Amino acid sequence: MYHSTKYPTVVRKRITVKSFSNGMASTRDEKVSDLSTAKFLYNFDASSGTLKNGVGLVRFSGFDLTALSGIAVVGVYFYKRFDADLGSWIEKIIYYCSDKRLYIANMEKGTFKKISDVLFNEKPIAISYDYLDRDIMLFASSSGETYYLDNDNLIKIDGAPNITSLCVHKERIFVTTGGEGTSLWFSDDFDPTNWVVSLTEAGFIDFQGEGGKLLKVVSFLDYVYVFREYGISRVTAYGNQEEFSTDTIFGNVGKIYGGSVTNCGDFIIFLSTAGIFRFNGLDVVKILPEYDEYLLNVSNNNCKGVFINNVLYLMVRFNYGNKTETVIIVYDVRKKSSYIAKGLKVTDFEFFSGNVNKVVCLVSADKSPFYFRNNGALDGTPLVKEWISPYYDFGVLSKLKRLYKLSLYTLESLTLTVECDNKKLTYRFQGGGLQEVYPALQGERFRISIKSTTLNPEICNLSVFVEYVKGAI
Numbered sequence: 012m013y014h015s016t017k018y019p020t021v022v023r024k025r026i027t028v029k030s031f032s033n034g035m036a037s038t039r040d041e042k043v044s045d046l047s048t049a050k051f052l053y054n055f056d057a058s059s060g061t062l063k064n065g066v067g068l069v070r071f072s073g074f075d076l077t078a079l080s081g082i083a084v085v086g087v088y089f090y091k092r093f094d095a096d097l098g099s100w101i102e103k104i105i106y107y108c109s110d111k112r113l114y115i116a117n118m119e120k121g122t123f124k125k126i127s128d129v130l131f132n133e134k135p136i137a138i139s140y141d142y143l144d145r146d147i148m149l150f151a152s153s154s155g156e157t158y159y160l161d162n163d164n165l166i167k168i169d170g171a172p173n174i175t176s177l178c179v180h181k182e183r184i185f186v187t188t189g190g191e192g193t194s195l196w197f198s199d200d201f202d203p204t205n206w207v208v209s210l211t212e213a214g215f216i217d218f219q220g221e222g223g224k225l226l227k228v229v230s231f232l233d234y235v236y237v238f239r240e241y242g243i244s245r246v247t248a249y250g251n252q253e254e255f256s257t258d259t260i261f262g263n264v265g266k267i268y269g270g271s272v273t274n275c276g277d278f279i280i281f282l283s284t285a286g287i288f289r290f291n292g293l294d295v296v297k298i299l300p301e302y303d304e305y306l307l308n309v310s311n312n313n314c315k316g317v318f319i320n321n322v323l324y325l326m327v328r329f330n331y332g333n334k335t336e337t338v339i340i341v342y343d344v345r346k347k348s349s350y351i352a353k354g355l356k357v358t359d360f361e362f363f364s365g366n367v368n369k370v371v372c373l374v375s376a377d378k379s380p381f382y383f384r385n386n387g388a389l390d391g392t393p394l395v396k397e398w399i400s401p402y403y404d405f406g407v408l409s410k411l412k413r414l415y416k417l418s419l420y421t422l423e424s425l426t427l428t429v430e431c432d433n434k435k436l437t438y439r440f441q442g443g444g445l446q447e448v449y450p451a452l453q454g455e456r457f458r459i460s461i462k463s464t465t466l467n468p469e470i471c472n473l474s475v476f477v478e479y480v481k482g483a484i
């Protein structure tokens, strides 16, 4: 009688990440993750499949900042007006500073100067309006200061409520208010300076119910939408105010952060304590769940969003467990791809239209304005960029494996780290094409990190080679 003998065999596997475009999925259980999706990703834009530069900041040059000596810059605004004598638009940048005053300069290498001695006790909100064929900008705050800027002159508006957010709709200004925060006020039509309550001038709507305070008002799809702490209400506001009506569109999305509410053209994106959502006027859909775990147990009352060229920039606080940090979620709504920008030190930003057509940013401890560019650097200094995989078992559970080779393509230098079972090996690649290393690292699950500190990274075709013993005698 013959007996067959089974001998152990060595099985080799090669896993290749042909595209990094899956981005990041931190909420996925690492036991079912693969190498094509990062556990954490920052300052790399992976939407093309290759790891390349994410957004960075470039300094606007030529501004005279002498008038800002001894004060800090807190907020930034864009103001443009048409000059009939010149027959062209004049574009200006406005700062709100720590001395509680506004300063203004021309965008073309202008000199900042104080507008007036008017004090705003807190950072005001602002909006542009065409008033009597003049391009003005309203500035208002919840502490009661309301003015409009005409050319370089601030003119007081009497009788306005304490304003927390505002929008223009059908030639009226609609605002949410401080205090109890349940009243939506609106100005007289065609006159943002008239807040006298009557059936033919200004008025207000009092919102009751379980929605909480009114946080943000937005003109969207021919309606006024009011984002409350715990829901969204819609106001139909055509012509005569006696015909205004309200209804509730949606609730149960957690507690909404008003500063995050951003009009993205065909929809609105906002942040709540339950995550990030997209709203099309009727339905709310949760998006970008990969960031949920970093948005838990952290206050985002100072978050803010801007939208330009199909890209949302959402400034939020992330909770890493042992610390919190301000980051910017960069979300391309057309590609449905996103990544985190960190280390930019942005304190405020605003979309500047017109000839500028950029997102203009303030940077901590710096008085110059900056703007976003996909250069992966802050004022010329490369940002640290990192792609970190989940721990991966190569589809083979509970077996000791030997990772014997790693290869990838990179144009610039980078650092690659392999980890498993409390062991770590780090390699420095010089770039210039295909790179290979031979770790000979043994364990059950492995994590791979790619870190770049160069100006023009281009990384692709990561391949990992492992072997393990299968079968027994």
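With my numbering as the guide, the letters of the sequence shown map in order to residues 12 to 484. We treat Cβ as the ideally placed atom computed from N, Cα and C, and that holds for glycine. Computed from a predicted structure; not experimentally measured.
Check                                                                                                                                                                   : Outcome
Please confirm whether residue 56 and residue 350 have their CB atoms less than 7 Å apart.                                                                              : yes
Going along the chain, which residues of its own chain have a beta-carbon closer than 7 Å to the beta-carbon of residue 323, five neighbours each way excluded?         : 273, 275, 280, 316, 342 and 344
Counting pairs of beta carbons, one from the stretch 116-131 and one from the stretch 163-181, are three or more of them closer than 8 Å?                               : yes
List in chain order: all unbroken beta strand (DSSP E) runs of 3+ residues lying wholly within the stretch 238-288.                                                     : 242-247, 256-262, 267-274 and 279-283
Would DSSP call residue 187 helix, strand or coil?                                                                                                                      : strand
So, helix, strand or coil for residue 71, using DSSP?                                                                                                                   : coil
From the DSSP output, in three-state form, read off residue 79 for me.                                                                                                  : helix
Quick one: Cα of residue 426 to Cα of residue 29, how far?                                                                                                              : 19 Å
Give the range of the alpha helix (DSSP H) segment to which residue 303 is assigned.                                                                                    : 303-306
What would DSSP say about residue 300, mapped onto helix, strand or coil?                                                                                               : helix
State the DSSP-derived secondary structure class of residue 444, mapped to helix, strand or coil.                                                                       : strand
Which of the three DSSP states, helix, strand or coil, is assigned to residue 219?                                                                                      : coil
Tell me residue 208's beta-bridge partners as DSSP assigns them.                                                                                                        : 213
So, with DSSP's three-state summary, where would you put residue 449?                                                                                                   : coil
Is it true that the CB of residue 86 sits closer than 7 Å to the CB of residue 359?                                                                                     : yes
Residue 474 and residue 25 - do their beta-carbons sit closer together than 7 Å?                                                                                        : yes
At the level of alpha carbons, what is the spacing between residue 435 and residue 453?                                                                                 : 11 Å
Residue 137 CB to nearest chain D CB: under 7 Å?                                                                                                                        : Any reference to chain D falls outside this structure, which holds one protein chain only.
On a CA-only basis, which of 449, 411 and 442 is nearest residue 482? Give me that one, please.                                                                         : 411
I'd like the list of long-range same chain contacts for residue 418, defined as Cβ closer than 7 Å, with 5 residues on each side in sequence excluded.                  : 445, 446, 447 and 474
Residue 158: which of 312, 180, 181 and 131 sits nearest, CA to CA?                                                                                                     : 131
Which of helix, strand or coil does DSSP assign to residue 486?                                                                                                         : The question about residue 486 has no answer, for the chain in this structure spans 12 to 484.
Assess, as a yes-or-no matter, whether the stretch 94-113 is touched by the stretch 363-370 under the definition of 3 or more beta carbon pairs within less than 8 Å.   : yes
Rounding to the nearest angstrom, what Cα-Cα distance links residue 228 and residue 104 in this structure?                                                              : 24 Å
Which of the three DSSP states is assigned to residue 407 in this structure?                                                                                            : coil
Looking at the unbroken beta strand (DSSP E) that takes in residue 27, where does it start and where does it end?                                                       : 20-28
Starting from residue 148 and walking both ways along the beta strand (DSSP E), at which residues does that stretch end?                                                : 145-151
Could you check which residue in 394, 123 and 348 has the C-alpha nearest to that of residue 356?                                                                       : 394
So, for residue 231: in the same chain, excluding its five sequence neighbours on each side, which residues have a beta-carbon less than 7 Å away from its beta-carbon? : 274, 279 and 292
Compute the Euclidean distance between the alpha carbons of residue 321 and residue 204, then round it to the nearest angstrom.                                         : 34 Å
With residue 346 and residue 53 assumed to form a contact (beta carbons below 8 Å), what rounded beta-carbon distance in angstroms separates them?                      : Going by Cβ atoms, the distance from residue 346 to residue 53 rounds to 18 Å, so no, they are not a contact pair.
Where does residue 229 sit, in a helix, a strand or coil, going by DSSP?                                                                                                : strand
Using 10 angstroms around the beta-carbon of residue 308, count the other beta-carbons present and answer buried if the total reaches 16, otherwise exposed.            : exposed
State buried or exposed for residue 484, treating a residue as buried only when at least 16 other CB atoms are found within 10 Å of its CB.                             : Low confidence applies here, because residue 484 scores a pLDDT of 44, under 50, leaving its location unreliable; read the following figure in that light. Result: exposed.
Rank 92, 334 and 480 by C-alpha distance to the C-alpha of residue 408 and give the top, closest one.                                                                   : 480
Would you tell me roughly how many angstroms separate the C-alpha atoms of residue 202 and residue 133, rounded to the nearest one?                                     : 25 Å
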